[in-house]
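One rule links them: number in this note's numbering = place in the sequence shown (from 1) + 4. All residues carry an ideal CB built from backbone N, CA and C; glycine is no exception.
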Amino acid sequence: MSKYLLGIDGGGTKTHACLTDLQGHIVATATNGGANWERIGVPAAQTALLQVINEVLGKVQGEHSDLAGATFALAGMDWSSDPEIFSAFSSSIGISKVSTYINDAVAALYAGIPNGVGIASIAGTGGKTVGFDGTTLVRTMGMSLGEGGGAGQLVGLAVERMATSEHGQTPPTRLSKAIPESYGITDIRTFFKAIAREDLTLTEDRAPIIFELALFGDLGAIGVVQAVAKQHARDVFGIANQLSFADSAILVVRAGGLHCAESAVFNHSFESTLHTLLPQAQSKVLSIAPVIGATIHAASKIYKEIPDEYLQNIHFDSTRLKEF
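In structure tokens:
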């Protein structure tokens, strides 16, 4: 007998699983590495998903057949045809009839707005903006395709700003010392040569360095942070333009590491740009794990209207989670 609902949030660096009973009580959670198939490939993503599914079900001695519904909210799920990539995987573990695949940004939307009507702006390892007006779901297309790129874009723009400074086009910036030193390199030209000739990989975990320099007034870092924040705000505006919201106010959920970093520069730039473009927007930073939204989405597929009891229970239990 089916008795559980499963939500999975698979991002670029980590995957979270949340299992509830049909009344919304969280009965088990699990976590492991990233499940972005665009980064690690489909086989590796499937392995990561299977591991976290088995781990979370194992904690309640459950089986795949015990799932009444399962939502996989995965980074890289950007096009309507993408769920087909995992159809064979769902069939192989016997959950094809109860599983749904969505972009991980949709999970954040449902975590912040249980009926999913509104817009979610994700600025994490990468970026994504999605919106749902009760009828139509739209989303940005992907990094380098007109959307904000989160920490990846932040680091990329920082290196570009360092290069323009080195070329004499822009004033000096402390980025030129701090970023190379984080890679163990003390000479800026050696750093750029390592990128050009030695396949040095720029990683998103340098974002806190940029935020810190912006906090202490480095104009180069401030400009980079502002550029990324403004792009994410413009993404929200663009999504809103494609939808028809019945209410005058448009709820906007902010999620991901950049939104949650409490950066005054990022927050001010995002909010000021958003309210200039979309005065009716009402935004909030997500305070619970997006995987809760994936589980709520799974519930929306089996209930015509999600019971208040379910929502109350899952939100209450989510405040006590320590794993995420």
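Subject >> Within 7 Å, strictly: CB atoms of G153 and G135 >> reply: no
Original post:
Looking at A259 and P212, is the spacing between their C-beta atoms short of 7 Å?
Top reply: no
Original post:
Alpha carbon to alpha carbon, what distance is there between K181 and R165?
Top reply: 12 Å
Subject >> Of the listed residues A244, F90 and L10, nearest to D70 (C-alpha basis) >> reply: L10
Original post:
Can we say the stretch 116-124 touches the stretch 93-101, given the rule of at least three CB pairs closer than 8 Å?
Top reply: Contact fails: fewer than three Cβ-Cβ distances are below 8 Å.
Original post:
Mind checking whether T277 and C22 have CB atoms under 7 Å apart?
Top reply: no
**OP:** Name the one or two DSSP bridge partners that T133 has.
**Re:** S125
Original post:
What does a CB cutoff of less than 7 Å around Q284 pick up in its chain, not counting 5 residues either side in sequence?
Top reply: S252, A253 and I254
Original post:
Is A115 helix, strand or coil by DSSP?
Top reply: helix
Subject >> Contacts around V232, its chain only, beta-carbon distance under 8 Å, and the 5 residues preceding and following it disregarded >> reply: A127, G152, G153, G154, Q157, L158, L161, L262 and F270
Subject >> Residue burial classification, D312 (beta-carbon count within 10 angstroms, cutoff 16) >> reply: exposed
Original post:
Quick one: complete alpha helix (DSSP H) runs, 4+ long, within the stretch 45-105?
Top reply: 46-62 and 91-96
Original post:
So is F220 buried or exposed if we call it buried at 16+ other beta carbons inside 10 Å?
Top reply: exposed
Original post:
Could you give the C-beta distance for A32 and A39, rounded to a whole number, given that I count them as a contact under 8 Å?
Top reply: By a beta-carbon distance limit of 8 Å, A32 does not contact A39. Their separation comes to about 18 Å.
Original post:
What is the rounded straight-line gap between the Cα of S100 and the Cα of P87?
Top reply: Distance between the alpha carbons of S100 and P87 is about 11 Å.
Original post:
Would you call A250 buried or exposed, if buried means 16 or more other Cβ atoms sit within 10 Å of its Cβ?
Top reply: exposed
Subject >> Those residues which DSSP pairs with Y8 across a bridge >> reply: Residue pairing by DSSP places Y8 opposite D25 and L71 in a beta bridge.
Original post:
Skipping 5 residues on each side, what residues in its chain have a beta carbon closer than 6 Å to that of W41?
Top reply: A49 and G80
**OP:** Taking only the alpha-carbon atoms, compute the straight-line gap between F90 and L247 and give it to the nearest angstrom.
**Re:** 28 Å
Original post:
Would you call the CB atoms of A225 and G73 closer than 7 Å?
Top reply: No, the Cβ-Cβ distance between A225 and G73 is not below 7 Å.
Original post:
Taking the runs of the beta strand (DSSP E) that are 3 residues or longer, which of them lie wholly in the stretch 208-295?
Top reply: 254-259 and 285-289
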